[in-house]
Amino acid sequence: MKKILLIIQREYITRVRKKAFIIMIFVVPLLILGMTSLIAYVAKDSEQLSKPQTVKVIDESRQFTDKLKPANNISFKAATESLDKLKGELKDNEDLSILVISKDYTQKPVQLLSKKKPSFTLTNEVESQMNDIASANTMLANHIDTAVLNQAKRNRVSVNAMEVTETGTKDANIGASMGIGIACAIFIYMALFIYGAQVMRGVIEEKTSRIIEVIISSVKPFQLMLGKIIGVGLVGLTQFSAWIILSVIATKIAGQTSAGPGSFMSGVLTTLQTIPVGQILACFLFYFITGYLLYSALFAAVGSAVDSETETQQFMFPITLPLLFTYLLSVSVLFRAPDSPLAVWLSMIPFTAPVAMMVRIPFGGVPGWQLALSMALMVAGFLFTTYVAARIYRVGVLMYGKKASFKELAKWFFYKE
């Protein structure tokens, strides 16, 4: 145990003393705060950020020209020039577009011509206005009062999602839960890769420099592997803890300095008060630790089996495929249905649970037995992978000049002590 502690101490101190580690502790929270502020600014002033666009309309149907209204920095003008002349103007003007509407516009597609690809805002605005005008024209032709219809459209229903708890009802904050769930999935995915890869690189460096032969003479391979995994894991925990603390402090300072209770940062703070942040952080730390132990043991085994980082690709893809598969599902499917059978099963399997469960938890409603079973399987999972990786590591770490394969790794696993 004393030898393992010495290895942990060496791995931890070596990494936390690096300038890059210290700089990143302070830079990442500032980047998160800056990114959040930038998103808020862009969302608020997106219309002012877009360049003014002029759309000249050639309307052969004579039903749209006078009815198209300026919006989103887009202005409409009836064209007085020919189409060929307007096309010539496009060569020198990126802020000009030509809208060509044929007489039979329902059969022949409407054309929007620009020097470069028109923006989504422009095409969407033109299409939306033309659809509204076409609908109004059809209703007028059938003697339907459009004023009454427009008044009816203004009477929109707003649904406020509420959650019923033992203490009463509260805002469900679906949007915030979705954002936090996806953010947790991304952080877990990145952390397992980053810190697992650090373990693998450390093993490869020691093996190729032949330092490993000296170390193995003093400690057992399992002790070395375990000490390296725990040491790098503590570095990750230190970094994440510092990021969380500094991010909370920065968010509170930004919230206090923001103008008025209706500011963006004030809204963020209010939203966070309605979400079980403590439970989310506790689960995040658990799944980070167990997921890291599970994957880093496999990364260490891969590092022991190769002589350079370029040889790791054949082993890395099968190992990381479950994690990558779950990550892609999390940011595209799982957040839409966090209690679906697919989400439940993925949150139980140890290789996919760190990402899948962190998508589900912010939405609440994860049954206690599912959370307990998932955590128990995670513990069993990392104990199993550590055992398998240790048996491969003890042989592979002293193998040189021989390209390993999965068949070779299986032989190493069954070698007797």
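For the sequence shown, full-length UniProt numbering gives the first residue as 1, with consecutive numbering after it.
Even glycine gets a Cβ: it sits at the ideal position worked out from N, Cα and C.
| Item | Value |
| --- | --- |
| Span separating the alpha-carbon of Ala71 from that of Ala147 | 21 Å |
| DSSP state of Ser247 mapped onto helix, strand, coil | helix |
| Proximity to Val55 [Cα-Cα], best of Lys407, Asn124, Gly396 and Ile98 | Ile98 |
| Per-residue burial, Leu310 [other beta carbons within 10 Å of its own, 16 or more giving buried] | In the sequence under discussion, the amino acid at residue 310 is Thr, which differs from the Leu named in the question. Exposed is the call here. |
| Beta bridge counterpart(s) of Ser75 as assigned by DSSP | Thr54 |
| Distance CB(Gly181)-CB(Pro362) smaller than 9 Å | yes |
| Among Ile211, Ile204, Ser330 and Phe406, nearest to Tyr189 - alpha-carbon criterion | Ser330 |
| Rounded Cβ spacing between Lys103 and Ser61 (contact assumed at less than 8 Å) | 5 Å |
| Runs of beta strand (DSSP E) lying entirely within the region 74-120, each at least 3 residues, in chain order | 74-78, 96-101 and 111-114 |
| Which residues DSSP lists as bridging Asp59, in chain order | Ile101 |
| Whole-number beta carbon distance between Ile392 and Ala337, since they are thought to touch under 8 Å | Actually they are not in contact, since the Cβ atoms of Ala337 and Ile392 sit about 38 Å apart, beyond 8 Å. |
| Short Cβ contact (9 Å threshold) for Ile7 with Val302 | no |
| Ordered list of alpha helix (DSSP H) runs contained in the region 284-365, each at least 4 residues | 313-330, 341-346 and 353-360 |
| Contact under 9 Å by Cβ, Arg394 with Phe222 | yes |
| Environment of Val214 [buried if 16+ CB atoms lie within 10 Å] | exposed |
| Sequence-distant residues of the same chain with beta carbon closer than 8 Å to Phe413, five excluded per side | Val388, Arg391 and Ile392 |
| Per-residue burial, Tyr400 [other beta carbons within 10 Å of its own, 16 or more giving buried] | exposed |
| Heavy atom of the ligand GTP within 8 Å of Glu309 beta-carbon | Absence of the ligand GTP from the depicted structure is noted, as is the absence of any ligand whatsoever, leaving it without description. |
| Option nearest Val333 by Cα separation, candidates Arg360, Ser308 and Pro318 | Arg360 |
| With 16 other Cβ atoms within 10 Å as the buried cut-off, status of Ala297 | buried |
| Alpha-carbon spacing of residue 427 relative to Leu86, whole angstroms | This structure does not reach residue 427, given that the chain is present from 1 up to 417, and the question cannot be answered. |
| Buried or exposed (CB count within 10 angstroms, at least 16 for buried), Gln9 | exposed |
| Helix, strand or coil at Lys220 according to DSSP, with G and I counted as helix | coil |
| Proximity of residue 425 and Leu323 at Cβ, strictly below 9 Å | As shown, the chain starts at 1 and ends at 417. That puts residue 425 outside it, with no answer to give. |
| Straight-line gap, Gln111 to Asn93 (C-alpha atoms, nearest Å) | 18 Å |
| Cβ pair count under 8 Å reaching 3, the region 25-38 against the region 235-250 | yes |
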